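**Q** Pasting a structure below so you can have a look.
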Amino acid sequence: MPVVIVVGAQWGDEGKGKIIDFLAEKANLVARYQGGPNAGHTVYIGKEKYVLHLIPSGILHKGVQCVIGSGVVVDPEVLLSEITTLRSRGIEVDGNLIISANAHIIMPYHLIMDKATENIKKNKKIGTTGKGIGPAYEDKIARYGIRAGDILQPKIFKEKLYENLFSANFLLESYFHLPALSARQIYNDYLNYGRLLEKYIGDTEMVVNQAIKKNLNLLFEGAQGTFLDVDHGTYPFVTSSNTVAGGACTGLGVGPTKINKVLGVSKAYTTRVGMGPFPTEQKDEFGDYLRSKGKEFGATTGRPRRCGWLDLVMLKYAVQVNGLTGLAFTKMDILDGLDKIKICTAYEYQGKHYTQFPRNIDILTRCQPVYEEVDGWKEPTSGVKTYESLPENARKYLKKIEGEIEILVQLISTGEERDNSIILENQFG
Ligand code: GDP
Ligand code: IMO
Ligand code: MG
């Protein structure tokens with residue numbers, strides 16, 4: 001039975017939440033492997049909207065084991081509020097959620113430093129979500145981070161907190177000119193979070209690997225997207241984790257030989273939140289049209305998303321760097337009714353033609369996209385449930401993309417609700 005990684009093939013917000021929730025119907029376990037509450041994964045059940053930030057998008061299915069792996073950075077306040085909200089809406093969390101004792105904890109000084117660092121950057125801002133992601137991963141890599149298991153042990157926690165707060169307060173006061181934080185307050189708050197979260201904290205590596213051994217159906221849910229990866233994305237305009245498929249192995253403690261499939265998720269166009277290069281961005285009325293029709297506003301911060309045409313140079317790179325075995329193609333319905341649709345197939349920069357994704361940020365920032373124009377479709381794809389019922393030009397659009405990226409579209413999403421989906425290949429088949 002397969003282990004399937006679901007990964008964003010663009011700059012995040014591709015519709016991973018919708019796809020995971022759809023696939024979770026047949027899954028036994030869904031695990032998040034990186035990122036933190038910067039993620040906003042939207043799931044609709046009928047007209048009911050759920051936005052998940054830390055808890056895997058499988059939680060809305062009864063009896064699916066949800067895992068937050070050691071590669072995730074956890075803000076306990078956000079997590080507890082998410083648990084409370086889900087419970088109040090009748091979703092069972094207890095017994096279905098396990099958090100790695102090794103997952104790093106986002107501390108109050110991480111949140112402050114994330115925002116303060118952005119504030120002093122002037123015109124070099126990344127446009128982070130302000131959720132403390134970068135500073136929390138900094139502490140992890142520097143080897144003095146506080147982990148979920150630590151907030152269950154008062155003595156160890158106290159020692160680590162006081163050591164960390166000594167340098168954090170020095171930075172806050174002397175560098176950022178902000179007030180120092182009270183160790184006692186944080187100590188009390190976080191020990192309390194520890195008490196509330198204790199029943200969920202455990203050995204996720206064992207749980208995930210045992211599920212694999214039992215041949216169960218597993219989904220590994222990526223957060224953000226390929227081009228926000230700290231190594232392979234549009235650095236420095238990226239997040240602080242490995243968002244690509246490889247991150248699932250390190251973030252969950254699963255060997256690469258155990259992965260069976262990697263499903264990339266891409267919108268029928270492109271969006272990005274925050275700063276950084278975006279070759280096919282449309283800063284005109286058409287960009288506004290996509291934003292308004294596609295409801296392109298951040299699920300975590302509410303910021304308007306930058307919008308543009310589909311970029312196959314990027315998508316081909318996403319196929320390569322993730323080893324994609326198939327594509328889930330979302331939001332086709334947003335392109336309904338257009339006369340012509342543009343697809344970016346190359347970039348031009350200083351007389352050079354690029355069909356491979358250039359790794360140089362200057363080229364990405366200054367290049368001109370080369371478009372191919374195809375005919376749009378007038379009949380709606382919105383809510384269509386079979387491939388045969390799609391308008392002919394929509395099918396041609398899909399074929400064109402498959403031909404360019406050399407993998408097949410295995411799932412098509414035609415609306416925000418669960419059943420607005422066309423399955424072409426069963427991931428657990
Ligand atoms: P994620 O972060 O990748 O999970 O994506 P987000 O939830 O941040 O953003 C995707 C948005 O598109 C959400 O509002 C979804 O409800 C919505 N969505 C997903 N698939 C489709 C689709 O096929 N059609 C339409 N119209 N909306 C979709
Ligand atoms: P999901 O999982 C879209 C972007 C931020 C910023 C950059 C760094 O919903 O697809 P960070 O707070 O991570 O340090 O910000 O990454 N970003 C996202 N963009 N979707 C997300 O998550 C994102 N998470 C972070 O806008 O540009
Ligand atoms: Mg999102």
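Note that the UniProt record's numbering numbers the sequence shown so that position 404 is 404, with each residue one more than the last. Note that CB positions come from ideal geometry on N, CA and C, so glycine has one too. As the structure is a computational prediction, the values presented were derived from the model and not from experiment.
If you draw a straight line from the alpha carbon of V262 to that of I334, how long is it in whole angstroms?
**A** 25 Å
**Q** If you measure from the CB of D13, is any heavy atom of the ligand MG nearer than 6 Å?
**A** yes
**Q** Going by CA-CA distance only, name the one from G8, I212, G429 and G233 that's closest to N360.
**A** G233
**Q** Considering L23, what are the terminal residues of the alpha helix (DSSP H) in which it resides?
**A** K16 to L23
**Q** Opposite D375 in the DSSP bridges: which residues?
**A** K340
**Q** Measuring from the CB of A394, is there a heavy atom of the ligand IMO at a distance below 6 Å?
**A** Result no, Cβ not under 6 Å from the ligand IMO.
**Q** Taking the alpha helix (DSSP H) that Q65 belongs to, which residues open and close that run?
**A** Run containing Q65: none in the alpha helix (DSSP H); it sits in the beta strand (DSSP E), Q65 to I68.
**Q** Note the first and the last residue of the continuous beta strand (DSSP E) segment covering V409.
**A** Counting along the chain, V409 sits inside the beta strand (DSSP E) bounded by residues V409 to S413.
**Q** Does any heavy atom of the ligand IMO sit closer than 6 Å to the C-beta of I133?
**A** yes
**Q** Quick check on this structure: which residue in G302, P179, R195 and L161 has the alpha carbon closest to the alpha carbon of residue 456?
**A** Outside the displayed span of the chain (1 to 429) sits residue 456, for which this structure offers no information.
**Q** Would DSSP call K125 helix, strand or coil?
**A** coil
**Q** Can you tell me the Cα-Cα spacing of E281 and G40, whole angstroms?
**A** 22 Å
**Q** Residues in the same chain with beta-carbon distance under 6 Å from R272, minus the five sequence neighbours each way, listed in chain order, please.
**A** W11, F278 and R306
**Q** Please confirm if the region 196-214 is in contact with the region 241-248, defined as three or more CB-CB distances below 8 Å between the two stretches.
**A** Too few Cβ pairs lie closer than 8 Å, so no.
**Q** Starting from R32 and walking both ways along the beta strand (DSSP E), at which residues does that stretch end?
**A** L29 to R32
**Q** Measuring only the C-alpha atoms, how far is L79 from L191?
**A** 15 Å
**Q** Report the residue from R87, G127 and R147 whose alpha carbon sits nearest the alpha carbon of I99.
**A** R147
**Q** Taking DSSP as the reference, what is the three-state secondary structure of T243?
**A** coil
**Q** Classify D339: buried if its beta carbon has 16 or more other beta carbons within 10 angstroms, exposed otherwise.
**A** exposed
**Q** Give the straight-line distance between the Cα atoms of G69 and N209, rounded to the nearest whole angstrom.
**A** Their backbone Cα atoms lie some 12 Å apart in a straight line.
**Q** Using the C-alpha atoms, what's the distance from K122 back to S382?
**A** 42 Å
**Q** Taking DSSP's pairing of strands, which residues face K261 in a bridge?
**A** V4
**Q** Note down, in chain order, each residue of its chain lying with its Cβ closer than 6 Å to the Cβ of T204, except the 5 sequence neighbours on either side.
**A** V67, G69, I98 and S100
**Q** Taking the alpha carbon of A103 as the reference point, which residue from Q65, G145 and N38 has its own alpha carbon closest?
**A** Considering only alpha carbons, the answer is G145.
**Q** I need the straight-line Cα distance from K396 to G376, nearest angstrom please.
**A** Rounded to the nearest angstrom, the two C-alpha atoms are 10 Å apart.
**Q** Compute the beta-carbon to beta-carbon distance between I106 and G132, rounded to the nearest angstrom, for a pair I have assumed lies under 8 Å.
**A** 4 Å
**Q** Tell me whether P179 is buried or exposed, calling it buried when 16 or more other Cβ atoms sit within 10 Å of its Cβ.
**A** exposed
**Q** So, helix, strand or coil for H61, using DSSP?
**A** DSSP places H61 in the coil class of the three-state scheme, outside both helix and strand.
**Q** Opposite K49 in the DSSP bridges: which residues?
**A** In DSSP, K49 forms a bridge with Y44.
**Q** Between which residues of its own chain and E19 is the CB-CB distance below 8 Å, once the five residues before and five after are set aside?
**A** Reading the sequence as shown, one finds Ile at residue 19 and not Glu. Correct list, in chain order: V6, L263, V265, A328, T330, L411 and S413.
**Q** Would you list the residues sitting across from R272 in a DSSP beta bridge?
**A** In the DSSP output, where bridge partners are listed per residue, R272 has R306.
**Q** Please confirm whether any heavy atom of the ligand GDP lies closer than 6 Å to the CB of E388.
**A** no
**Q** Touch check for the region 366-380 and the region 338-354: three-plus C-beta pairs under 8 Å?
**A** Counting C-beta pairs with one atom in each stretch, the region 366-380 and the region 338-354 have three or more that are closer than 8 Å, which means they touch.
**Q** With DSSP as the reference, identify every bridge partner of G202, one or two as the case may be.
**A** The partner list for G202 (beta bridge, DSSP) reads S100.
**Q** Quick check: does the Cβ of A223 come within less than 6 Å of any heavy atom belonging to the ligand IMO?
**A** A223 Cβ: within cutoff of the ligand IMO.
**Q** When the distance is taken between beta carbons, is E221 closer than 7 Å to P56?
**A** yes
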